[in-house]
Structures are given as C-alpha cells and as structure tokens.
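Student:
There are 2 protein chains.
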Amino acid sequence: MTSALLTDRYELTMIDAALRDGRALRPSVFELFARRLPTGRRYGVVAGTGRLLDLLERFRFGPDELAWLKRERVVDDATLDWLEGFRFTGTIRGYREGELYFPGSPILVVEGSFAEAVVLETLALSVFNYDSAVASAAARMVSAAEGRPLAEMGSRRTGERSAIAAARAAYIAGFSASSNLEAGRSWGIPTMGTAAHAFTLLYGSEEDAFRAQVGALGPGTTLLVDTFDIEQGVATAVKVAGPALGAVRIDSGDLAVVVREVRAQLDALGATSTRITVTNDLDEHAIAALSSAPVDSYGVGTALVTGSGAPAAGMIYKLVAHLDESGGWLPVGKTSEGKATVGGRKQPVRALQDGVAVAEDIHVEDPPLGSDAGRPLLVDLVREGAPVEAHRGSSGVAAARDHHRAAMAELPLQALSLSRGEPAIPTRYL
Amino acid sequence: MTSALLTDRYELTMIDAALRDGRALRPSVFELFARRLPTGRRYGVVAGTGRLLDLLERFRFGPDELAWLKRERVVDDATLDWLEGFRFTGTIRGYREGELYFPGSPILVVEGSFAEAVVLETLALSVFNYDSAVASAAARMVSAAEGRPLAEMGSRRTGERSAIAAARAAYIAGFSASSNLEAGRSWGIPTMGTAAHAFTLLYGSEEDAFRAQVGALGPGTTLLVDTFDIEQGVATAVKVAGPALGAVRIDSGDLAVVVREVRAQLDALGATSTRITVTNDLDEHAIAALSSAPVDSYGVGTALVTGSGAPAAGMIYKLVAHLDESGGWLPVGKTSEGKATVGGRKQPVRALQDGVAVAEDIHVEDPPLGSDAGRPLLVDLVREGAPVEAHRGSSGVAAARDHHRAAMAELPLQALSLSRGEPAIPTRYL
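Sequence lines, in order, name chains W and U. Everything in the first sequence is counted per the numbering used here, starting at 4 for the first residue and increasing by one. Everything in the second sequence is counted per the numbering used here, starting at 4 for the first residue and increasing by one.
Written out as structure tokens, the structure is:
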C-alpha cells in the first residue's frame with residue numbers, strides 16, 4: 004500500500020505552483036525539530052526513524068493515486084508527470100533512533116530538491132510526532148520503575164496501526180515487551196499477555212478458569228486475581244497452580260495497599276517466588292508512587308500510548324536553506340510572531356564534561372571544530388535515495404534500544420526527575 | 004494486509020485455553036461501552052463503525068500469520084487450526100456511527116461464540132477509542148464555531164494511519180473538509196489546503212510566492228500572510244491577487260487582535276469579500292474566544308487529532324452474558340473495586356420529551372415496551388458475519404454525518420456548554 008497520499012493537499016499544490024517556474028527543483032534543506040519540549044519535560048526521545056525509512060520506500064504515486072489526483076483536480080498534468088516519476092533521490096541525515104533531543108535539535112536534516120523534500124513533510128511529522136511522544140513518555144516510566152520490567156499494553160487505546168508504532172517506541176525506550184502481536188511479528192518485539200476478566204466470567208468460577216489457563220500455559224503463567232475478591236482470588240490461584248505460580252495480576256483497587264496485602268498472602272501460602280504485576284491505569288507518577296511497594300512488574304496502557312499528557316511531540320518541518328541564483332546556500336527562516344525559526348544548515352553535537360551531557364550545541368553553517376566539541380549527533384539515514392539498512396527492521400530497533408540506554412546514561416541525574424522543570428541541558432546555537 | 008494480528012496476545016491464549024474443553028465455543032455476548040465520559044464532557048460521539056466493518060473483513064489468519072504464531076509458540080496446533088478457519092459468523096448490533104453516547108451506552112453488542120467475539124476485542128477498542136475521541140472533540144469545536152466552517156489539518160500530529168481516521172471522524176462530527184489526501188480518496192471527504200511558510204521562503208519574497216500560487220490556483224486561493232509581517236503580507240496579497248482574493252490565512256500572533264486589524268485592512272483595500280481563516284493551535288476554547296472576531300473559518304490540528312485533552316475515549320469491551328449448561332442466557336459481570344460491570348444483554352433507547360433528549364434508558368434483559376419508550380439506538384451492523392453495506396464506505400460516512408447532526412439537535416441546550424459538567428442526560432438502567 005502506498006504511503007504517498009498520507010500527505011496534506013498543500014504539499015502537492017505548492018509543488019504544482021513551483022514547478023511552473025522551475026523553482027520546485029531548487030536544491031533545498033529542510034529540518035525536522037521541536038521548538039520546545041512538552042511543558043515541564045526534561046528531555047525527549049527520538050523514535051520513528053526506522054518506520055519512516057520503510058514508508059519512504061513505499062512513497063509512490065501509482066496509477067490509482069494519479070487518477071484520483073487528476074479527477075479531483077488537485078494538480079495539473081505536468082505535476083502529475085512529476086509525481087508519477089517521483090523517487091526520493093536526496094539525502095537524509097538525522098539523530099539516531101533512541102537518541103535524546105532538546106528544543107531545536109535538528110532530528111532530521113532532509114536535503115534534496117524543494118519538491119522532493121517538501122512532499123515528505125506530512126508523513127515525516129506524523130511518524131515522529133507520534134512515535135517520539137510515546138518514546139518520551141515511556142522513558143520516564145522506565146526511570147520511575149527503577150529497573151523493574153514494564154510491558155506495553157496500550158494497543159486498545161490508540162489507533163490500530165499507531166498501536167504497532169507505540170509498542171515499538173516503548174521498546175526502544177526500555178520497555179521489556181508488548182501485548183501487540185503485529186509489533187512482535189513486524190519488529191521482533193517480545194510479546195506477552197495474561198488473561199482478561201471475560202475469561203473468568205466465561206468459566207463462572209476462578210477455580211475453573213485458573214485450571215483451564217494453567218492447563219494450557221503451565222503454572223508459570225500470570226493469573227488475573229481481581230475479578231471478584233482479590234484475597235479469595237489469590238488463595239484460589241495458589242491452590243490451583245501451586246507455589247510455582249509465575250505471577251498474579253492486579254488491575255483494580257488502591258494498588259499501594261493491595262499489593263502489600265497480596266505479597267504477604269502469597270508468602271504465607273509459600274508462593275514466595277510468585278511475582279506481582281499491576282496494570283490499573285498507570286502513568287510514570289503512579290509507577291513512582293509504587294516504588295516502595297512489592298511490585299515486580301508493570302503493565303502500562305493508556306498513558307503510554309497517548310504520551311502521558313503530551314500526545315504529539317510538537318515537531319515541525321521547516322525550510323532552512325536553499326541554493327540561490329549564484330549557487331551559494333542561502334539560509335532562510337520566518338519571523339512570524341512567537342514562531343520565528345533559525346535559518347541555515349545545522350550540525351549538532353552533544354557537549355559532554357566527564358561523560359555527562361552539559362549542552363546541545365547546534366553549529367549553524369560552520370561545522371564544529373575538533374573532536375572535543377562533543378559527540379556528533381547526525382548520522383546518515385538515506386544516501387542519495389537509498390535508506391541505510393542498519394536503521395531498519397528488527398535489528399534497527401535493537402540498535403535503537405541500545406543507543407537509547409547509552410544516551411540516557413549521559414544525562415545529568417536531575418534529568419530523571421519526574422517533576423516539571425526546564426530541559427536537562429541548554430540548547431546553544433553557535 | 005490482514006488486521007488479525009492487531010490483537011493482544013492474551014486474546015489468542017484465552018481462546019487456546021478455552022478451546023481445550025470446548026468452552027470457547029459457547030454462545031456469548033460482549034458489549035463495548037465507556038464507563039464514563041472524559042472529565043467534564045457532556046456527551047460523546049460514536050465514530051469508527053464503518054472502519055471496523057472493513058477491518059473485520061480483513062481479519063484473517065493467513066499462512067504467514069499462522070507460521071509466525073507457531074514459531075513463537077503463542078498457541079497450540081488445535082488453536083492454529085481454529086484460527087486458520089476463522090471467519091466472524093456472529094451478529095453485531097450497535098449505535099449508528101455519528102450517534103451520541105453517554106456512560107454505559109452499549110455502543111457495540113457483539114454476539115457469537117466466546118472465541119469469535121473475544122478475538123475482536125483489541126481491534127474494536129483501538130478503532131472506537133481513537134475515532135470516538137476525535138469525533139467527540141470535533142463536535143465541541145463545531146458547536147464553538149457557531150456555523151463557521153472548520154477544516155481538519157492535524158495529519159502531522161498523529162500516527163500516519165490514525166490521520167485518516169481522524170479526518171473521517173472530524174467530518175462525521177461536522178467538519179467541512181480535511182487536508183489529508185488519503186481521507187479524500189478512501190472516504191470521500193472534501194480536501195483542501197493553502198500553502199506553507201516554506202513556499203514563501205523558497206521564493207524569498209511574498210510577492211513572488213503569491214504570484215506563483217495565484218498563477219497556479221487562481222485568485223480564489225488562500226494566501227498565507229504571516230511569514231514576515233502580517234500587515235505587509237496582506238497588502239502584498241491584495242496587490243497580487245486583486246480584490247477577488249479568496250482568503251488569507253493567519254497562523255501566528257494574538258488572533259483576536261490580529262484578525263480585526265486584517266479585516267479592516269482588507270476592507271480598506273476593497274477586498275471586502277476576501278475571507279480570513281485562522282490556524283494557530285486552536286481548540287474549542289480558542290475557537291469560542293474568537294466568536295465575536297471577524298473570522299470566516301478555522302483550521303484545527305493538534306487539539307483535534309489528540310481528542311482535545313482526552314486522546315482515548317476510555318471504552319472497554321466486556322462479556323455480559325453467555326449461554327449456560329441449561330441453554331438459558333446467564334448475565335455475568337465482574338465486581339472488582341471501582342470497576343464493576345452490569346451483566347445482561349442491553350437494549351438502549353434515548354428517552355425524549357417534546358423532541359429533547361432526557362435520558363439514556365438502558366433496558367437490561369427485557370426489551371423496552373411500546374414505541375413511546377424512546378428512540379431505539381441499536382441497529383444491525385453485521386448479520387451472521389456479513390457487514391451491512393449501508394454503514395460502509397463514503398456513503399456510510401455521509402449517512403453518519405447526517406445522523407450526527409440529527410442526534411445533536413435532540414440535545415438540551417446546556418449540553419453544548421464547553422465548561423466542565425455532568426453528562427447532558429442521565430443513564431438509567433431499567
């Protein structure tokens with residue numbers, strides 16, 4: 004299925020207008036960045052890169068798309084010809100997937116003709132605004148969980164295809180697994196699951212339901228113990244599965260209290276290695292509030308897949324330079340009230356002191372001098388139209404997850420605070 | 004592409020466990036509903052129905068899916084055989100798309116074997132939780148705009164496929180058009196667009212950029228006038244396009260002030276019929292705040308596609324009844340703390356007095372008596388596995404839009420208040 008019509012109409016009409024005098028073909032540089040972080044956030048997490056590379060390969064205007072555009076009179080015949088032949092032939096550099104970003108960080112730098120770069124605007128923003136919103140929320144939850152594993156269970160709380168992206172973004176940011184099967188198949192993410200209350204209700208009694216589940220999945224499974232009464236549910240779970248029961252799941256009630264009671268009950272029943280997993284509308288704050296409770300793992304849904312209060316990362320895509328008539332690069336930017344942009348091609352580095360990040364240094368026009376300027380942040384993502392394979396597929400996801408962990412380790416400690424504050428490091432234009 | 008793996012792993016493992024003793028095949032009824040509305044909302048808007056019917060037809064476990072499930076040992080061979088033959092053969096009734104809903108409204112009633120009904124849980128919730136969140140936000144924006152047209156422009160602020168669903172949901176709730184081309188092609192939604200700041204920056208001067216745009220799209224187009232200085236932008240726009248200029252777009256600044264200045268300037272230049280459209284991070288409150296300003300139309304992005312503070316509608320999918328051993332229907336519900344559900348098959352009607360809605364009456368087990376009980380809310384959506392065509396495609400969307408308008412007209416006037424309050428009508432279980 005083509006991704007080419009996942010595009011705002013004005014991208015094509017701008018091309019249509021600018022093809023008439025040839026200006027659409029002028030070499031140009033666009034940057035994708037966030038003007039600011041969501042209110043109070045200390046850092047953002049880049050996610051979506053590997054997905055964009057796949058979507059880019061399927062960005063084709065086929066006969067059906069061209070016929071529809073013609074019928075709707077979106078563009079003229081000359082533009083239809085141009086779209087028919089469209090292949091992105093430019094270069095995209097950008098932050099590694101999993102990398103952290105700050106206000107102004109040039110997450111993608113897209114270089115090509117004006118037409119071939121502008122036509123990617125809507126799609127690139129859709130991908131990065133959603134995926135990075137989820138990854139940014141996920142990273143805070145991972146910090147709050149202090150090493151305890153988290154599972155992504157939010158598929159039912161976001162669009163059915165966004166659900167795959169959410170599972171992928173959460174995994175990159177340090178979640179252990181997802182409930183979403185397609186995320187497992189498409190991106191190699193470990194999948195997991197327990198059972199729903201409907202299963203217990205179908206059997207009518209917890210004893211029968213647990214027996215059926217243990218029969219199918221073995222005593223190492225996770226039994227849902229709160230359909231009726233939690234204390235009775237726990238007693239029945241251990242009775243049926245024995246002390247080798249893998250885990251119990253609790254999805255209701257005042258978790259801080261309930262979890263302690265359940266731990267004591269499990270221990271008293273000899274099920275000392277049975278774990279407790281909780282799933283009741285958690286966000287990073289609820290996770291942190293359970294840090295002293297005997298919780299072994301968390302399942303997170305709604306708050307994760309909706310960005311925990313910031314469901315879109317606020318990224319924008321702006322023309323920052325184009326070749327002028329004399330063949331030189333002309334930096335450009337708008338001066339609109341409250342929305343001005345910094346023109347010019349940018350080369351960002353993360354400035355470090357003793358291995359700790361101290362600034363996001365964005366060198367405008369001139370590259371940074373010397374290797375001690377900081378860790379360079381741009382890598383090649385697409386070279387002359389060809390996506391770099393290392394960033395794609397399951398191995399790309401695994402690499403992004405590793406890179407995220409390394410980038411987080413550079414942050415100053417106060418960056419991990421969940422309370423509202425300023426970005427963890429300042430952005431400096433040099 | 005199959006939709007079958009857009010599913011939580013536990014749906015399949017529950018089926019696996021319950022197939023072993025045949026209980027998975029027991030006739031069952033599931034209901035999809037919201038326990039409550041998002042905080043302070045007066046009503047919700049159902050959207051997603053037509054999309055679910057399409058996804059249901061593509062819910063097939065093909066050789067690739069089965070091979071992956073086998074390799075991952077998600078379920079056993081008997082379950083794989085069952086999945087291979089899976090076709091939904093049950094019946095789905097539900098609220099018409101575009102209908103309003105309230106706490107407890109049974110938006111979908113899915114009847115089939117436990118297995119064939121439970122396996123749709125994740126997908127159905129993904130669709131309704133996202134689409135209804137957008138439609139519910141959109142309806143408030145339409146009220147706030149008091150008859151002035153609204154365009155959906157949020158594709159870049161949500162996942163690239165959710166963007167299509169958002170455009171569709173907004174149109175059902177009364178938006179006039181969308182910027183998203185695929186929404187136009189797939190669902191017959193009118194598409195529109197103006198131009199981006201990048202277009203002006205490419206040309207370097209507003210005069211050249213406007214000349215190119217008017218050359219391509221005619222003077223009836225909408226010119227973006229705030230790349231540098233709005234007053235100058237407006238003067239240039241009228242100079243280039245003449246007084247027949249269709250519209251100017253303003254995307255920055257204090258809109259209530261700026262819009263009045265621009266209107267006066269346009270009028271002074273003789274462009275008295277040139278419209279003003281605004282697009283600067285609007286939500287229903289910002290739209291309402293502009294009600295006395297000379298705005299002609301609105302473009303809405305982020306707030307719309309992220310549900311304006313409620314990005315997931317909070318719908319759940321619960322087993323409410325199944326056939327018991329004696330062949331009678333057994334109502335079932337969980338009693339978990341704070342999350343109890345009402346068992347039994349439900350038949351909802353909207354109680355009306357003099358044409359005004361006064362209650363959401365949900366008849367449990369026994370049907371409502373007499374035609375004066377209220378307007379019946381359930382219609383057939385899928386009959387013995389076959390989706391009802393009237394709810395599908397572009398004509399389904401058009402019908403949903405019409406139905407939404409009629410359902411809104413029944414609401415008491417205070418339901419249109421944007422301030423926080425209780426649901427506009429009470430839900431009564433009878």
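Backbone N, C-alpha and C define an ideal beta-carbon position, used for all residues, glycine too. Just so we're clear, the structure is a prediction, and the values are computed from it rather than from any experiment.
For the putative contact between residue 333/U and residue 293/U, defined by C-beta atoms under 8 Å, what is the C-beta separation to the nearest angstrom?
Tutor: Not really, about 55 Å apart at Cβ, beyond 8 Å.
Student: Anything in the stretch 115–131 of chain W with a Cβ closer than 8 Å to a Cβ of chain U? List those residues in chain order, please.
Tutor: Within the stretch 115–131 of chain W, the residues whose Cβ lies closer than 8 Å to some Cβ of chain U are 117, 121, 124, 125, 126, 128, 129, 130, listed in chain order.
Student: Roughly how many angstroms separate the alpha carbons of residue 45/W and residue 181/W, rounded to a whole number?
Tutor: Cα-Cα distance, rounded: 26 Å.
Student: Taking just the CA atoms, how far does residue 132/W sit from residue 335/U?
Tutor: Distance between the alpha carbons of residue 335/U and residue 132/W is about 41 Å.
Student: Would you grab the beta carbon distance between residue 117/U and residue 27/U for me? Rounded to a whole angstrom, and I think it's under 8 Å.
Tutor: So it is a contact: roughly 5 Å between Cβ atoms.
Student: So, with DSSP's three-state summary, where would you put residue 436/U?
Tutor: Residue 436/U is absent from the structure shown; chain U starts at 4 and stops at 433.
Student: When you compare the stretch 349–361 of chain U with the stretch 214–229 of chain W, are there three or more beta-carbon pairs, one atom per stretch, that lie closer than 8 Å?
Tutor: Judged by Cβ distances under 8 Å, the stretch 349–361 of chain U makes no contact with the stretch 214–229 of chain W, as fewer than three pairs qualify.
Student: Give the residues from the stretch 211–230 of chain U that approach chain A closer than 7 Å (Cβ to any Cβ), ordered along the chain.
Tutor: Annotation note: the requested chain A is absent from the structure, which comprises protein chains W and U.
Student: Mind listing the chain U neighbours of residue 29/W? Cutoff is C-beta to C-beta under 8 Å, in chain order.
Tutor: Result: 205.
Student: When the Cα atoms are used, what is the spatial distance from residue 319/U to residue 149/U?
Tutor: Whole-angstrom Cα-Cα distance: 33 Å.
Student: Which residues in chain U sit within 7 Å of residue 335/W, going by Cβ to Cβ distance?
Tutor: Residues of chain U passing the Cβ test: 204.
Student: Out of curiosity, what's the CA-to-CA distance linking residue 13/U and residue 90/W?
Tutor: In a straight line, the C-alpha of residue 13/U is about 41 Å away from that of residue 90/W.
Student: Under three-state DSSP, which class holds residue 124/W?
Tutor: Reduced to three states, the DSSP call for residue 124/W is helix.
Student: Look up residue 339/U in the DSSP assignment and say whether it is helix, strand or coil.
Tutor: Residue 339/U falls in the coil class under three-state DSSP.
Student: Going by DSSP in three states, residue 442/W sits in which element: helix, strand or coil?
Tutor: Residue 442/W falls outside the range modelled here, since chain W spans only 4 to 433, and no answer is possible.
Student: Considering only residues of the same chain and omitting the five flanking positions on each side of residue 378/U, which have a CB-CB separation below 7 Å?
Tutor: Cβ within range, chain order: 352, 353, 355.
Student: In whole angstroms, give me the CA-to-CA distance for residue 327/U and residue 236/W.
Tutor: Straight-line Cα distance between these residues: approximately 23 Å.
Student: For a contact defined as C-beta to C-beta under 7 Å, what are the partners of residue 162/U on chain W?
Tutor: Result: 129, 133, 162, 164, 165, 168.
Student: So is residue 85/W in contact with chain U if we call contact Cβ pairs under 8 Å?
Tutor: Closer than 8 Å: no.
Student: Sorted by chain position, which residues of the same chain lie with C-beta nearer than 7 Å to residue 297/U's C-beta, five sequence neighbours on each side aside?
Tutor: Cβ within range, chain order: 262, 263, 266, 279.
Student: For the candidate residues 425/W, 372/W, 420/W, 393/W, whose alpha-carbon lies nearest to that of residue 57/W?
Tutor: Cα-wise, what sits closest to residue 57/W is 393/W.
Student: Have a look at residue 36/U and residue 347/U and give me their C-alpha separation to the nearest angstrom.
Tutor: Going by the C-alpha atoms only, they are around 14 Å apart.
Student: Pick helix, strand or coil for residue 198/W, following the three-state DSSP scheme.
Tutor: Residue 198/W falls in the coil class under three-state DSSP.
Student: Assign residue 147/W to one of three DSSP states: helix, strand, or coil.
Tutor: Residue 147/W: helix per DSSP, three-state reduction.
Student: Can at least three beta-carbon pairs, one atom from the stretch 62–70 of chain W and one from the stretch 136–145 of chain W, be found at a separation below 8 Å?
Tutor: Short answer: they don't touch.
Student: Looking at the structure shown, is residue 269/U part of a helix, part of a strand, or coil, going by DSSP?
Tutor: Reduced to three states, the DSSP call for residue 269/U is helix.
Student: Could you name the residues of chain U that residue 158/W contacts, counting a contact when the two beta carbons are closer than 9 Å?
Tutor: Correct list: 9, 10, 11, 125, 126, 128, 129.
Student: Indicate whether at least one CB of chain U lies closer than 8 Å to the CB of residue 182/W.
Tutor: Output row for residue 182/W: interface = yes.
Student: Verify the CB distance criterion: does residue 93/U have a CB-CB separation below 8 Å to chain W?
Tutor: Chain W contact via Cβ: absent.
Student: Any Cβ of chain W within less than 8 Å of the Cβ of residue 322/U?
Tutor: It does; some Cβ of chain W falls within 8 Å.
Student: Touching or not, the stretch 176–192 of chain W and the stretch 207–221 of chain W, by the rule of three or more beta carbon pairs under 8 Å?
Tutor: Counting Cβ pairs under 8 Å, fewer than three are found: no touch.
Student: To which residues of the same chain is residue 9/U closer than 6 Å at the C-beta, ignoring the five residues directly before and after it?
Tutor: Answer for residue 9/U: 126, listed in chain order.
Student: Roughly how many angstroms separate the alpha carbons of residue 204/U and residue 170/U, rounded to a whole number?
Tutor: In a straight line, the C-alpha of residue 204/U is about 29 Å away from that of residue 170/U.
Student: Where do the ends of the alpha helix (DSSP H) carrying residue 81/W lie?
Tutor: Here the alpha helix (DSSP H) through residue 81/W covers 80–87.
Student: Thinking C-beta only, is residue 229/U closer than 8 Å to residue 249/U?
Tutor: It is not a contact, given that the beta carbons lie outside the stated cut-off.
Student: Give me the subset of the stretch 44–72 of chain W whose CB atoms are less than 9 Å from a CB atom of chain U, sorted by chain position.
Tutor: Answer set for the stretch 44–72 of chain W: 54, 58, 67, 68, 71, 72.
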